[in-house]
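One structure is given below, encoded as structure tokens.
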Amino acid sequence: AQTVTQSQPEMSVQEAETVTLSCTYDTSESDYYLFWYKQPPSRQMILVIRQEAYKQQNATENRFSVNFQKAAKSFSLKISDSQLGDAAMYFCAYTGYGNKLVFGAGTILRVKS
Amino acid sequence: DAGITQSPRYKITETGRQVTLMCHQTWSHSYMFWYRQDLGHGLRLIYYSAAADITDKGEVPDGYVVSRSKTENFPLTLESATRSQTSVYFCASGHSDSNYGYTFGSGTRLTVV
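Residue numbers (the working numbering), protein chains in the order written: chain A, 47 to 159; chain B, 695 to 807.
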């Protein structure tokens, strides 16, 4: 079974600084997708960024980018120029054959002004 | 309105009672999912459905029942609620091509007293 591990229960970053959230996963599948979801206090799950495993190029969405290391099974999220609105719980997630989305335990990101 | 809606948003029930959480989506997505969110565990899959009349167990199915007679609806029933089922429940939906991730409802906070 696939597993996703987020080793940082909580992170803090100063406004306008850069922060990196870590995620590792375990799978024997060769074709899969990875995601980062943001959950603000409103509880809504918001898709931040996605990465296709067969693409070597790291995905980027505005201030959000990933460092995808397929051999190491690592998928970290970098947030540049952090803003107060980035404060939230962030979940790393995996989906492969069978289309089930498997989540990590989450990382709480706090942004200091 | 287009989207995925869950009801109720909040629910308090007593131990031993049956309770049903509703999920409705307007996109005709083939896949639908039920997750529960608990601190330290992220989101854990309870049940999922690949199409109408096709359902399968996820990671934590015990104590829950689902049905999917219509593509747009995927209700989750707790047959005899227990305090350990106090949680936030999320419904999600998506196409069979899972590389775009899934869309989540706003969640139902269920408290069993």
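All C-beta atoms, glycine included, are put in the ideal place defined by N, C-alpha and C.
Pair within 8 Å by beta-carbon distance, residue i and residue j
i	j	result
Thr760 of chain B	Ser774 of chain B	Rather than Thr, the amino acid found at residue 760 of chain B in this sequence is Val. Going by C-beta atoms, Val760 of chain B is not nearer than 8 Å to Ser774 of chain B.
Ser58 of chain A	Lys158 of chain A	yes
Gly752 of chain B	Arg89 of chain A	no
Tyr741 of chain B	Ala786 of chain B	no
Gln97 of chain A	Ala105 of chain A	yes
Inter-residue Cα distance where the pair is residue i and residue j
i	j	result
Leu67 of chain A	Ser122 of chain A	5 Å
Gln54 of chain A	Asp732 of chain B	17 Å
Phe110 of chain A	Ser126 of chain A	7 Å
Leu804 of chain B	Tyr704 of chain B	6 Å
Thr776 of chain B	Ala62 of chain A	45 Å
Gln85 of chain A	Thr707 of chain B	26 Å
Val807 of chain B	Gln719 of chain B	30 Å
Asn145 of chain A	Ser724 of chain B	11 Å
Lys101 of chain A	His789 of chain B	21 Å
Phe149 of chain A	Gln48 of chain A	10 Å
Val65 of chain A	Thr153 of chain A	12 Å
Met91 of chain A	Gly710 of chain B	30 Å
Pro702 of chain B	Gly799 of chain B	11 Å
Chain A within 8 Å of residue i, Cβ atoms only
i	result
Tyr758 of chain B	no
Val754 of chain B	no
Leu737 of chain B	yes
Whole-angstrom C-beta distance between residue j and residue i, which should lie under 8 Å
i	j	result
Thr70 of chain A	Ser120 of chain A	5 Å
Tyr83 of chain A	Val94 of chain A	6 Å
Gly734 of chain B	Ala151 of chain A	6 Å
Ile698 of chain B	Cys717 of chain B	7 Å
Phe137 of chain A	Leu737 of chain B	7 Å
Gly142 of chain A	Thr73 of chain A	6 Å
Residues near residue i by beta carbon distance below 7 Å, same chain, minus five either side
i	result
Leu772 of chain B	Gln712, Val713, Gly757, Tyr758, Gln779
Thr797 of chain B	Ile698, Ala786, Ser787, Gly788
Within-8 Å CB hit, residue i to chain B
i	result
Leu147 of chain A	yes
Ala151 of chain A	yes
Met91 of chain A	yes
Arg96 of chain A	yes
Phe121 of chain A	no
Phe114 of chain A	no
Phe110 of chain A	no
Neighbourhood of residue i by C-beta, 8 Å cutoff - its chain only, sequence neighbours within 5 removed
i	result
Arg156 of chain A	Glu56, Met57, Ser58, Val59, Ala133
Same chain only: Cβ atoms within 6 Å of residue i, ignoring 5 sequence neighbours per side
i	result
Leu715 of chain B	Leu770, Tyr783, Thr802
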